[in-house]
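Each remark here refers to the structure printed beneath this line.
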Amino acid sequence: MLRKEATQTLGWTKRVNIIKGVANALSYMHHDCSPAIVHRDISSKNILLDLEGEACVSDFGTSKILNPNSSNESALAGTFGYLAPELAYTMKVTKKCDVYSFGVLALEVIKGEHPGGIIASLSDGKMKKLQDMVDQHLPTVSIEIKKVLTNVIILAIRCLNNNPEMRPTMYYVSQKISEDCKDFL
């Protein structure tokens, strides 16, 4: 989805809409499917855009249907740089693993590149300025867009919490983004 030449054609409205679409898809998989489905590989390479620019989650090859009567332990799967840190030592697949990956993806869509440096600075306890977290190739943001981007970034950072229990649910994320964007999209 995010190749260098493509990022310049994705304005702020399209980027926020992509983030919202992925949040809605994950909310559906986690909260409306029974049993719940965990994708396990949410990354920019697995988000496709249809002809209208709507986000579509793809590549369900590593997805897992959660069994409420099981530990849901599994072999490590996913894309490096998007994996939740707890997977390295627990191997337990939970919805919160997708929440973490979504946080990485959301920051990547806003930044126009993988946010590895931003994530590292967050784990050091250093907050970045908004201007350091957005794609500098796009025009300066209006007050309305700045508010929406700030809210999405704050939400994405919450999704990156090292403690999975402190991460929001994708239902909450989806509802919050929809609420924040109702006048924007």
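Throughout the sequence shown, residue numbering follows full-length UniProt numbering, covering 1 to 185 in sequence. Every residue gets a Cβ at the ideal spot worked out from N, C-alpha and C, and that includes glycine.
- Taking each of L105, I119, K182, A88 in turn and checking the Cα distance to A23, the smallest one comes out for L105.
- Within the segment 12-66, the alpha helix (DSSP H) runs of at least 4 residues that lie entirely inside it are, in chain order, 12-27.
- When secondary structure is reduced to three states using DSSP, K92 falls in the strand class.
- Looking at T150, H114, I65, I143, the one whose alpha-carbon comes closest to that of P35 is I65.
- Annotation: D32 to T79 spans about 25 Å, alpha carbon to alpha carbon.
- When C-alpha distances from I153 are compared across Y171, K182, H39, V109, the shortest belongs to V109.
- Counting every other CB atom within 10 Å of its CB across the protein chains shown gives K45 a total below 16, marking it as exposed.
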